[in-house]
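In my numbering, the protein residues as written are 500 to 1116. The C-beta atom is built at its ideal place from N, Cα and C for all residues, glycine as well. This one's a predicted model, so the numbers in the text were calculated from it and none came from an experiment.
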């Protein structure tokens, strides 16, 4: 006799359920790095999630690959479970090296499902999976239906991120992010977008969603360091194979920009959510509370690539920088690196210039810490005594506003500005000034050993004391932390020049000029010095003559170059101009103390050329 239940087939039923969908962020990268370790960590995470789901009256339905699907009879239970999962996963991650940590995105939906024995299907499940992709790593997204059920019953804050058109779902779905009560209200949206869930102790009757990390550089007046989102570059080629290049370019730009501590860069996960979308730049900036947006496109024509990039100040709705790059498609990966360097090297300077313009429209007393630093840096670059004095006042104001400002950034720059006054003799007590420089650097280093600017200034100060080994150490450290900072790159050229490697030094200075086409004029002085050391006197003259406001040191350099070329008239003319600028200038008191050659032969080369030019000894 036939089995009647077998004839009926699997049991199928419909029901309303809350569905939790979770998957691991960066799973493919983790598997590529170490598949065995990743599988073990994933297994640990699954066990943990399973226990939490059960404790909140739910059940894990499926766990294919890095995904986990769970069903609950209550939306409240589902969201509470999701929050506790994120808290406990973060605590679990603390046991693993940073490179092996596994963060999950979670989506929760309330909807009709089709259940077949132990499996569940339907739009209710699909929507949970789709909104999970909208969550940050370590974050939670819920649908409007879930929000309606839980927002008065759970002590969380809910951030409305609008309606979203989801793949294969006919109508847009409203989505909310889950935040700890108070955290989402007190911090800018940009901080929330870039941070995930952090550890917290669950309160009685609920799990706690922890607060996102705040920007380290928020000033006492509430002004934070400038923020930027890099929108995914658009592939205009019509060639699907170019997508990997375009995405790689976007990701590399993001990574390299993140090296600049003075910038707050929105995370890749947030950025990539806008891929393939026609976006309104001002709306994106407003939603994330960012000041600057970088967008661009890539177009291939035959064996050539054209890349355009533009930086937009969102609040003023204006372009502050735009560039187009045309290159032969020979080695696509080298090309990607070149484009990344070209774009990233310019952006911080353009942002800084824009911030300076913004600061200039305000009275000094109302400036926040970052704006004081920006203005002080601009004044420092002018290399004039009165500007240095004002820069000192502003940088002191910045540290008063926030003594831990920007991970030691202000303290490093205060040392730099004081160091300039020390080197150029603009201070009354040289020993006291140098001691203050060293105190500022000690503070900066204690606050952040990974701030490239701290090491750049440490190298400069060490060089001013002819401590070439210490200068080389800090210069190498700064360069490794941020190889795209033109100030660090140009200093590499300067250091090599003082070490007697002028030819190499000139190459580094030229690289810094390529990195920042808007570089300070003093770069030409560094190039002239390096070229003189390389005995390329004609090019050295051309470099120094590019300086619009030449001082007595520049004229001394021109005199030495002309003398080395045997042009006595031009050399004598340069000497006269140097003396006219600062009467009484001489070699021993005004020129030699500013030189830091390690090799006696290099010092003699310059000194002898000046004496030949007729420079007073």
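* Would you report the Cα separation of residue 995 and residue 968, rounded to the nearest angstrom? -> Rounded to whole angstroms, residue 995 to residue 968 spans 12 angstroms at the Cα level.
* Proximity winner among 784, 797, 750 and 826, relative to residue 817 (alpha-carbon distances) -> Checked all of 784, 797, 750 and 826; the closest Cα to residue 817 is 784.
* Asked: Taking residue 516 as the reference, which of 551, 537, 524 and 569 has the closest Cα?
  -> Out of 551, 537, 524 and 569, 569 has the C-alpha closest to the C-alpha of residue 516.
* **Chain-order list of residues whose beta-carbon lies under 8 angstroms from that of residue 956 (same chain, five-residue window excluded)** => Correct list, in chain order: 911, 912, 914, 915, 918, 940 and 943.
* residue 564 - DSSP class collapsed to helix/strand/coil -> When DSSP states are grouped into helix, strand and coil, residue 564 belongs to the coil group.
* Backbone CA spacing between residue 741 and residue 806 [nearest angstrom] -> Approximately 12 angstroms between the Cα atoms of the pair.
* Are three or more beta carbon pairs between the stretch 607–614 and the stretch 518–526 nearer than 8 angstroms? -> Yes: the two stretches touch, three or more of their Cβ pairs being nearer than 8 angstroms.
* Boundaries of the alpha helix (DSSP H) in which residue 592 is found, first to last residue -> It spans 574–592 - the alpha helix (DSSP H) in which residue 592 sits, taken as one unbroken run.
* Tell me where the alpha helix (DSSP H) around residue 967 begins and ends. => Per DSSP, residue 967 belongs to the alpha helix (DSSP H) from 967–980.
* Closer than 8 angstroms to chain C by CB, residue 1043 -> The chain labelled as chain C is not found in the depicted structure, where only one protein chain is given.
* Asked: Quick one: what's residue 879 bridged to in DSSP?
  -> Partner(s): none; residue 879 has no beta bridge.
* If residue 1086 sits next to residue 1051, beta carbons under 8 angstroms apart, how far is it from one beta carbon to the other, in whole angstroms? -> Wrong, their Cβ atoms sit about 12 angstroms apart, outside the cutoff.
* To do: Could you pull out every unbroken alpha helix (DSSP H) segment of at least 4 residues lying fully inside the stretch 619–652, listed in chain order?
  => With a minimum length of 4 residues, the continuous alpha helix (DSSP H) runs that stay inside the stretch 619–652 are 622–631 and 643–649.
* **Beta-carbon proximity check, residue 951 vs residue 928, cutoff 8 angstroms** => Their beta carbons are not under 8 angstroms apart, which means residue 951 does not touch residue 928 by this criterion.
* First and last residue of the uninterrupted beta strand (DSSP E) at residue 799 -> Membership of residue 799 in the beta strand (DSSP E) is indicated by the continuous run 791–800.
* To do: Please confirm whether residue 882 and residue 1021 have their CB atoms less than 8 angstroms apart.
  => Contact: yes.
* To do: Evaluate contact between the stretch 664–671 and the stretch 544–563, counting only Cβ atoms and requiring at least three cross-stretch pairs below 8 angstroms.
  => With the cut-off at 8 angstroms, the stretch 664–671 and the stretch 544–563 do not touch.
* Count the other C-beta atoms from every protein chain shown that fall within 10 angstroms of the C-beta of residue 1001, then say buried if there are 16 or more, exposed otherwise. => Label assigned to residue 1001: buried.
* Tell me whether residue 615 is buried or exposed, calling it buried when 16 or more other Cβ atoms sit within 10 Å of its Cβ. => Flag for residue 615 reads exposed.
* Asked: Ordered along the chain, which non-local residues of its own chain (more than five positions away) have a Cβ less than 7 angstroms from that of residue 578?
  -> Excluding sequence neighbours, residue 578 sits near 607, 641, 645, 649, 653 and 677.
* Assigned secondary structure, residue 818 (DSSP; H/G/I helix, E/B strand, else coil) -> DSSP places residue 818 in strand when its eight states are reduced to three.
* For residue 571, three-class secondary structure by DSSP -> If DSSP states are grouped into helix, strand and coil, residue 571 belongs with the strands.
* Which residues does DSSP pair with residue 675 in a beta bridge? -> BP columns for residue 675 point to 641 and 659.
* Is it the case that the CB of residue 772 approaches a heavy atom of the ligand ADP more closely than 7 angstroms? -> Of ligands this structure carries none, so the ligand ADP is not represented either.
* Of all the beta strand (DSSP E) runs that stay within the bounds of the stretch 1038–1091, which reach a length of 3 or more residues? -> Fully enclosed beta strand (DSSP E) runs of no fewer than 3 residues are not present anywhere in the stretch 1038–1091.
* Kindly identify the DSSP beta-bridge partner or partners of residue 516. => Paired residue(s): 610.
* To the nearest angstrom, how far is it from the Cα of residue 725 to the Cα of residue 777? -> Straight-line Cα distance between these residues: approximately 25 angstroms.
* Asked: Where does residue 1096 sit, in a helix, a strand or coil, going by DSSP?
  -> Of the three classes helix, strand and coil, the one that applies to residue 1096 here is coil, per DSSP.
* What first and last residue would you give for the alpha helix (DSSP H) that runs through residue 899? -> Looking at the DSSP string, the run of the alpha helix (DSSP H) that includes residue 899 is 884–900.
* To do: Tell me whether residue 1005 sits in a helix, a strand or coil according to DSSP, three-state version.
  => DSSP places residue 1005 in helix when its eight states are reduced to three.
* **Unbroken beta strand (DSSP E) run spanning residue 804, endpoints** => Unbroken beta strand (DSSP E) run through residue 804: 803–812.
* **Of the residues 787, 781 and 825, the one placed nearest residue 799, counting alpha carbons only** => For the residues 787, 781 and 825, the minimum Cα distance to residue 799 belongs to 825.
* With C-beta atoms as the reference, is residue 980 less than 8 angstroms away from residue 991? -> No.
* **N- and C-terminal bounds of the beta strand (DSSP E) containing residue 728** => That run of the beta strand (DSSP E) goes 726–729.
* Quick one: is residue 538 buried, meaning 16 or more other Cβ sit within 10 Å of its Cβ, or exposed? -> Classification for residue 538: exposed.
* **Own chain residues within Cβ distance below 6 angstroms of residue 878, not counting five before or after** => Cβ neighbours of residue 878 within its own chain (closer than 6 angstroms, five residues either side excluded): 886, 889 and 890.
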